[in-house]
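K.L.:
Numbered according to our numbering, the sequence shown spans residues 1 to 172.
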Amino acid sequence: MKKYLSSFVILIVMVFFSISCRTLCRDEVTDKEREKIKGEIETIVTDFFNPNTLNYNTHTGMRANKEGYVMGGDGKIQYTSYSSYNEHMKSSFAGIQRFTEARLVAMYVYVLSKTAATCTTEFKSKFLMVSGDTILNNGCWTFIFKKFDNGWKVIQENGTHVCFPLSQTVLN
């Protein structure tokens, strides 16, 4: 009887661990899901870097207006809330007529889970200021996407860029 009882206890423990593992591993991403998520992020980022549509609305629209939004860049934390980021973008885009170039040089997406992914990019862009100056704006940026009810949004990001008037460019 003791032998059967210990075997029964071992069986119960094994079933418990099996169920626990399934519960913990439920967020595992299959290869098919990973490719789908990767494609969704690539589309969002590629569309974002379209010079014909890149403006204040598309720039702020890709970000999550949620608690936890943070943007770092050029060696420091720039914004710790969406509202402070948004206010800065309003004033920045007020001086921009339009983007004349915006293109991805490289893009690397890494799927973290069914609801989180990173995307690191290298980009080149130019924009025309209201003053008539053309600004060169090249850099690298990493976006951390989270899936919300309304789709994928950037919840945190960090990057570096060089930004200067094209008239200061030294041609070799």
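Each residue gets a CB set at the ideal place from its N, CA and C atoms; glycine is no exception.
Buried or exposed: Ser125, going by 16 or more other Cβ atoms within 10 Å of its Cβ?
P.N.:
To locate residue 125, count along the sequence shown from 1; it is residue 125. With 16 or more Cβ atoms within 10 Å of its Cβ, Ser125 is classed as buried.
K.L.:
Exposed or buried, what is Asn172 when buried is set at 16 or more other beta-carbons lying within 10 Å of its beta-carbon?
P.N.:
Looking up residue 172 in the sequence shown gives position 172. With a pLDDT of only 38 at Asn172, under 50, the local geometry of the prediction cannot be trusted, and the value read off the model is given with reservation. Exposed, since its Cβ has fewer than 16 Cβ neighbours within 10 Å.
K.L.:
If I measure Cβ to Cβ from Gly68 and keep anything under 7 Å in the same chain, skipping five residues before and after, which residues do I get?
P.N.:
Here residue 68 refers to the residue found at position 68 when the sequence shown is read from its first residue. Ile155.
K.L.:
Measuring straight from C-alpha to C-alpha, what distance separates Leu136 and Ser92?
P.N.:
For the purposes of this step, residue 136 is taken as residue 136 along the sequence shown, with counting starting at 1. For the purposes of this step, residue 92 is taken as residue 92 along the sequence shown, with counting starting at 1. Those two C-alpha atoms are separated by around 15 Å.
K.L.:
If you measure between the beta carbons of Ala102 and Thr121, is that distance less than 8 Å?
P.N.:
In the sequence shown, counting from the first residue as 1, residue 102 sits at position 102. In the sequence shown, counting from the first residue as 1, residue 121 sits at position 121. Cβ atoms of Ala102 and Thr121: not closer than 8 Å.
K.L.:
Which residue from Phe48, Lys114, Tyr56 and Cys119 puts its Cα closest to that of Arg34?
P.N.:
For this step, residue 34 is matched to residue 34 along the sequence shown. Minimum Cα distance to Arg34 is reached at Lys114.
K.L.:
How about Tyr79 and Asn65: are their beta carbons less than 8 Å apart?
P.N.:
Residue mapping note: residue 79 aligns to position 79 of the sequence shown, counting from 1. Residue mapping note: residue 65 aligns to position 65 of the sequence shown, counting from 1. Cβ atoms of Tyr79 and Asn65: not closer than 8 Å.
K.L.:
Please determine, among His161, Gly73, Val29 and Arg63, the residue with the shortest C-alpha to C-alpha distance to Val152.
P.N.:
Here residue 152 refers to the residue found at position 152 when the sequence shown is read from its first residue. This sequence places Trp at residue 152; Val is not what is there. Here the closest residue by C-alpha is Arg63.
K.L.:
With DSSP as the reference, label Thr43 as helix, strand or coil.
P.N.:
Taking the sequence shown and counting its residues from 1, the one referred to as residue 43 is at position 43. Three-state DSSP puts Thr43 in a helix.
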